[in-house]
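Take a look at the structure below.
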Amino acid sequence: MASRLPPLNPLRAFEATARRGAVSAAARELNVTHGAVSHQIRALEESLGTTLFERNGKRLKLTPQGALLLPAVTNAFSEIAAATALMKQPETRGDITISCVPALLSLWLLPRLNTFTDQFPGVKVTLIASNDPQHLRSLDTDVSLLYGDGNWPDCWTRLWSNLRLFPVASPTLLNSRPLRSVRDLADHALFHGDDGREWNTWLAAADAIDMPRDRQYFMSDARLSTEAALYGQGIALGDNITASNLIARGELVVPFDLSVPANDAFYVACRQALRQSPIVKVFIDWLFAALEETLPEPQASARLHLRGRGGRSADTYRPTATPAKRLIPTSPPRKTRA
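Per our numbering, the sequence shown runs over residues 8 to 345.
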């Protein structure tokens with residue numbers, strides 16, 4: 008079959024000249040001389056025993072034979088280029104182990120994980136729910152998504168997302184016990200995903216730091232406090248990343264139009280030696296691409312503007328079938344929001 012194919016270089020010269028409409032333009036593209044391109048086209052015409060261009064003036068026009076040949080040549084070069092690009096892609100088969108902040112893992116990563124595994128079916132993913140930076144030292148962990156200040160020496164670290172914090176609640180709860188002003192929070196249980204500093208920051212911004220807080224529950228991480236709010240137990244502080252799906256589906260609502268910056272941020276980190284690993288690279292690239300598709304801070308769904316402090320009817324909120332459960336107050340944990 009190879010003996011029936013025209014030589015490659017003359018085909019390249021023909022395709023470039025036909026596409027650009029001039030020998031000089033093709034010569035510039037191929038980084039050869041005008042004469043070299045003309046010679047290659049003549050050699051191709053002699054090989055095929057036909058004329059490929061009508062030479063009238065400076066611009067060339069394809070003959071019927073040239074017009075018949077061009078699509079096949081163009082497609083062939085396109086397929087060669089595509090196959091070459093695939094060959095140059097990093098190997099994406101193998102295992103990858105990811106440690107991730109529990110709230111981010113449950114509420115953001117897992118709902119989107121199929122978009123990664125569908126794109127890279129040859130990659131086996133193992134997930135660990137943890138915000139422990141010690142995973143960065145473990146040979147068993149490839150990538151870590153951490154909530155913190157990003158100061159982990161001797162590791163590759165990149166800021167993934169800053170966070171804004173705001174109260175979130177179940178629509179069912181607010182249908183039965185409305186929030187007409189920030190002071191109505193005193194009638195609800197407050198759930199903490201840290202030692203209490205984040206709620207203090209938000210209440211200070213809302214001019215309510217002195218508000219009575221009789222019922223407070225301290226959780227080991229923000230996943231638990233968010234789930235408690237989801238079950239209609241009280242009010243938690245959500246954020247623009249982990250709570251975005253629940254808010255978009257109407258399972259949680261944002262009752263106030265005030266948000267505050269979180270103390271820390273989400274970071275992607277790994278050992279320096281792993282940064283250029285093909286599987287690590289494609290996963291980190293996917294993480295940042297997926298983040299761009301995450302909903303922005305959902306303050307547009309706020310029901311009550313703190314500036315107005317006005318009342319509103321309970322039926323503003325859509326009811327859900329989520330049952331309520333009783334909780335027993337606990338002492339604050341030492342762990343920070345995770």
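Note that the Cβ used here is the ideal one computed from N, Cα and C, for glycine as well. Predicted model only: the values in this text are computed from it and were never measured.
Go through its chain and collect everything with a Cβ distance to residue i's Cβ below 7 Å, but skip five positions before and after it.
i	result
G129	T99, R100
F127	T99, V289
S168	I248, A272, F273, L298
N16	Q47
L180	G239
V156	Reading off the sequence shown, one finds Asp at residue 156, where the question assumed Val. Cβ within range, chain order: D271.
S320	Because S320 sits at a pLDDT of 33, beneath the cut-off of 50, its placement in the model cannot be relied upon, and the following sentence gives the value as read from the coordinates. Cβ within range, chain order: n/a, list empty.
L291	The sequence shown places Ile at residue 291, not Leu. For I291, where only same-chain residues beyond five positions count, the Cβ hits under 7 Å are V150, V275.
W206	L197, H199, L244
P340	Bear in mind that the predicted position of P340 carries a pLDDT of just 44, short of 50, making it unreliable; the figure below should be weighed with that in mind. Around P340: D202, F225, S227.
L210	I216, M218
R49	none
Determine the closest residue to residue i out of the options, with distance taken between C-alpha atoms.
i	options	result
L166	L298, R26, R19	L298
P185	R144, G241, A235	G241
E258	N207, D202, N182	N182
D191	N207, F263, F225	F263
K347	I87, V30, A50, E300	This structure gives no information on residue 347, because the portion of the chain shown stretches from 8 to 345.
E300	S251, N270, L281, V267	S251
N270	P78, Y154, R27	Y154
A79	A25, P268, W209	A25
F295	I103, G42, R119	R119
Q51	L76, E86, L197	First, the residue type needs correcting, since residue 51 is Leu and not Gln in the sequence shown. With distances taken between Cα atoms, L51 lies closest to L76.
L281	E22, A236, S145	S145
T104	F123, V132, T122, T81	V132
R256	L237, F173, S266	L237
Q134	L253, T122, N82, D102	Before going further, note that residue 134 is Leu rather than Gln in the sequence given. Here the closest residue by C-alpha is D102.
N63	F21, A90, D217, G28	G28
Spatial neighbours of residue i within its chain, please: CB distance less than 6 Å, with the 5 preceding and 5 following residues excluded, ordered by chain position.
i	result
A136	P109, L112
W115	I248, T249
W293	F123
T208	V267
M226	G200, S232
Rounded to whole angstroms, how far is the Cβ of residue i from the Cβ of residue j, which I believe are closer than 8 Å?
i	j	result
S54	P13	5 Å
G200	L244	7 Å
S106	H142	4 Å
A193	R230	So it is not a contact: roughly 25 Å between Cβ atoms.
Y224	A235	7 Å
R260	F173	For the record, residue 260 in the displayed sequence is Val; it is not Arg. About 11 Å; that fails the 8 Å criterion.
W163	P140	No, W163 and P140 are not in contact; Cβ-Cβ is about 13 Å, not under 8 Å.
Skipping 5 residues on each side, what residues in its chain have a beta carbon closer than 8 Å to that of residue i?
i	result
T40	A34
R19	L37, Q47, F84
S284	D149
A215	V189, R190, L192
E22	L77, V80, T81, F84
May I ask whether a heavy atom of the ligand ZN can be found less than 8 Å away from the beta carbon of residue i?
i	result
L76	This structure lacks the ligand ZN; in fact it carries no ligand of any kind.
* Hey, is the stretch 52 to 63 in contact with the stretch 72 to 81, meaning 3+ C-beta pairs nearer than 8 Å? -> Flag = yes, the stretch 52 to 63 and the stretch 72 to 81 touch.
* Taking one C-beta from the stretch 138 to 151 and one from the stretch 267 to 285 each time, how about it: are there three or more such pairs within less than 8 Å? -> Output reads yes: the stretch 267 to 285 touches the stretch 138 to 151.
* Within the stretch 92 to 153, ranges of the beta strand (DSSP E) (whole runs, at least 3 residues) -> The qualifying runs are 101 to 107, 130 to 136.
* Can you give, in chain order, each stretch of the alpha helix (DSSP H) that sits fully within the stretch 218 to 267 and has at least 4 residues? -> Unbroken alpha helix (DSSP H) stretches of 4 residues or longer found wholly inside the stretch 218 to 267: 229 to 237, 251 to 255, given in chain order.
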